[in-house]
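In UniProt numbering, the protein residues as written are 1 to 251.
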């Protein structure tokens with residue numbers, strides 16, 4: 001019986017059953033490592049195969065009299081059709097996905113125009129021009145208050161509803177496939193940095209997105225710049241990747 005093992009997207013083997021059991025006993029392999037051998041339809045955790053024990057005894061297997069232990073350390077090997085290390089998404093593709101996601105928020109800014117008449121639209125444009133030319137922050141804040149009062153409550157309610165719906169849609173796709181709409185279109189996805197598996201909603205949406213949006217609002221533009229500088233590292237992990245312990249790979 002030839003058994004292949006995998007850990008952190010690195011595959012090793014083949015090993016005999018006796019070698020595997022010796023490595024289990026010495027904790028050179030863990031119950032959380034994945035295993036596959038002929039007769040199995042998919043990779044499974046060793047703990048599932050051994051039912052939590054440090055010995056694997058597959059049904060119907062007759063062990064040989066003696067097999068020496070060799071190559072007992074898990075190292076990466078290349079076996080066609082088995083586990084391979086995923087390819088990291090490039091910084092350019094990630095930036096394109098981010099731009100697509102940001103464009104999806106533009107309709108929220110256009111919503112007020114559907115609730116204003118021509119005179120109000122002109123007045124709104126005039127206030128925005130004055131805000132850009134404001135000499136002091138106090139003056140800018142006063143103009144901002146005028147702009148907010150000009151927009152009717154129905155427009156604010158519609159904008160809020162749009163934002164909630166978009167957040168829900170993005171959360172759904174992230175939880176289902178690890179992809180925002182932008183990442184789905186660019187064929188990249190978010191996975192766990194340690195094992196390459198799907199990431200739960202708390203990490204992929206709340207930590208990676210919502211918390212980091214708040215940090216960007218508080219410390220812009222420093223957080224935004226630092227975030228993408230980290231993306232040029234070995235694992236191409238941005239700051240929000242490191243916060244959520246994720247990586248972005250090609251689909």
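Note that the Cβ used here is the ideal one computed from N, Cα and C, for glycine as well.
Endpoints, the alpha helix (DSSP H) within which residue i is located
i	result
residue 150	137 to 150
residue 210	Premise fails: residue 210 is in no alpha helix (DSSP H) and is neither H nor E.
residue 170	153 to 177
residue 34	Where residue 34 is concerned, there is no enclosing alpha helix (DSSP H), although the beta strand (DSSP E) it sits in stretches over 34 to 37.
residue 116	Premise fails: residue 116 is in no alpha helix (DSSP H) and is neither H nor E.
Coarse secondary structure for residue i, derived from DSSP in three states
i	result
residue 245	coil
residue 236	coil
residue 221	coil
residue 121	helix
residue 94	helix
residue 7	strand
residue 18	helix
residue 88	strand
residue 130	helix
residue 47	helix
residue 250	strand
residue 182	helix
Where the beta strand (DSSP E) through residue i begins and ends
i	result
residue 104	Where residue 104 is concerned, there is no enclosing beta strand (DSSP E), given that its DSSP letter is neither H nor E.
residue 198	Segment: none, residue 198 is in no beta strand (DSSP E) and carries neither H nor E.
residue 190	188 to 192
With 16 other Cβ atoms within 10 Å as the buried cut-off, status of residue i
i	result
residue 105	exposed
residue 199	buried
residue 195	exposed
residue 53	exposed
residue 205	buried
residue 6	buried
residue 180	buried
residue 55	exposed
residue 174	buried
residue 152	exposed
residue 241	buried
residue 244	buried
residue 202	exposed
Pair within 8 Å by beta-carbon distance, residue i and residue j
i	j	result
residue 154	residue 212	no
residue 208	residue 246	yes
residue 235	residue 46	no
residue 49	residue 35	yes
residue 127	residue 146	yes
residue 248	residue 169	no
residue 94	residue 226	no
residue 21	residue 86	no
Cβ-Cβ separation, residue j to residue i (assumed contact under 8 Å), whole Å
i	j	result
residue 131	residue 120	Actually they are not in contact, since the Cβ atoms of residue 131 and residue 120 sit about 16 Å apart, beyond 8 Å.
residue 107	residue 162	7 Å
residue 178	residue 100	Going by Cβ atoms, the distance from residue 178 to residue 100 rounds to 16 Å, so no, they are not a contact pair.
residue 17	residue 40	Between residue 40 and residue 17 the Cβ distance is about 13 Å, and since that is not below 8 Å, they are no contact.
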